[in-house]
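*Asks:* Protein chains in written order, with this note's numbering: chain A, 1 to 118; chain B, 1001 to 1118.
Protein chains: 2
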Amino acid sequence: MKKKLCCDVVEVHPQVVTKLKETMPAHEQYQTLSELFKMFADPTRLKILSLLFQQELCVCDIAEVLSMTHSAVSHQLSVLRQNRIIKYRREGKNIFYSLDDEHIQMIYNAGMEHIIES
Amino acid sequence: MKKKLCCDVVEVHPQVVTKLKETMPAHEQYQTLSELFKMFADPTRLKILSLLFQQELCVCDIAEVLSMTHSAVSHQLSVLRQNRIIKYRREGKNIFYSLDDEHIQMIYNAGMEHIIES
DNA sequence: ATTATATATGAACAACCGTTCATATATAAC
DNA sequence: GTTATATATGAACGGTTGTTCATATATAAT
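(1) Residue 1058(B) to residue 110(A), Cα distance in whole Å?
(2) List the residues that DSSP assigns as beta-bridge partners of residue 1090(B).
(3) Spatial neighbours of residue 1040(B) within its chain, please: C-beta separation below 8 Å, excluding the five flanking residues on both sides.
(4) Taking all protein chains shown into account, decide if residue 1071(B) is buried (16 or more other Cβ within 10 angstroms of its Cβ) or exposed.
(5) Hey, quick one: how far does the alpha helix (DSSP H) through residue 13(A) stretch, first residue to last?
(6) In angstroms, rounded to a whole number, what distance separates the CA positions of residue 67(A) and residue 1100(B)?
(7) Whole angstroms are fine: how far does the CA of residue 1054(B) sit from the CA of residue 1085(B)?
(8) At 7 Å on the CB atoms, spell out the chain B contacts of residue 46(A), in chain order.
(9) Distance check for residue 13(A) and residue 1075(B), CA to CA, integer angstroms please.
(10) Once the 5 residues before and after residue 94(A) are set aside, which same chain residues still bring their CB inside 6 Å of it?
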């Protein structure tokens, strides 16, 4: 039986490695995807999102519900806005935030299912 | 028409704020969920996961496909393992990694759909 | 037992991230 | 105009994260 060197010349799965290398999407795609998931990788942002799943809210309401400063909430909303997770509309002095599209809740739910079932 | 103070006594949506406060899950749940999403919030880990979607692989193969050091790959696999995202089995000198459960791919796909469609 | 290979792990360091504090802008009421 | 309210933003700070380098462990072959 032929000897298999793993990390030198002959890999454990040489033909597989070659195939995987060729079919792999570009780094930018993984970068973009990781930036999307980063939006969900913070408990404060998850809380904000879960509130917005129920209805549109202003900074003020969110800060009150989460017992956080307006500034902290506003910064997080700004991050979510820049990443196209949420949108906003102004009504007088208030700015109301809501989800930008329905994928967001799907991602959230997929994660939630995982932690509930394990 | 009654004046509405937002951040002082009467909120913009007073009854909503109260309801949201009461029905909100515990902080630990958001913490756990954010830690799950954190696993997906790095391009290297996403690459590793997308490789493992196709088949089980050893450190060596992954390092080769991604052109990374074995150490860097091993550290990421360690993180994924500790967070129950992947499992492993030993076969001689090699250790083969694979997905721990099928939810992982669902979360990944939900994210991927989002970035493709926008 | 010695050597080689595959993987793991600890320490260190730079880069990134989330909050806070202070300040600025925008709208509304007067 | 001025004042008050709602939100945004810039700077700074501490904490976390991902990689690298060096070293350790585990299995296999000789």
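C-beta: ideal position from N, C-alpha, C; glycine also.
*Replies:* Working from what's here:
(1) Within the model, the alpha-carbon separation for residue 1058(B) versus residue 110(A) is close to 27 Å.
(2) Beta-bridge pairing links residue 1090(B) to 1095(B).
(3) Counting only Cβ-Cβ distances below 8 Å, and skipping sequence neighbours, we find 1046, 1049, 1107, 1108 and 1111.
(4) Exposed, because fewer than 16 other Cβ atoms sit within 10 Å of the Cβ of residue 1071(B).
(5) Premise fails: residue 13(A) is in no alpha helix (DSSP H) and is neither H nor E.
(6) Cα to Cα, residue 67(A) sits roughly 37 Å from residue 1100(B).
(7) Taking the straight line joining both Cα atoms gives about 15 Å.
(8) Neighbours of residue 46(A) across chain B, judged by C-beta separation under 7 Å: 1030, 1033 and 1034.
(9) Approximately 21 Å between the Cα atoms of the pair.
(10) Cβ-Cβ distances below 6 Å link residue 94(A) to 58 in the same chain, with the five nearest sequence neighbours on each side left out; the list follows chain order.
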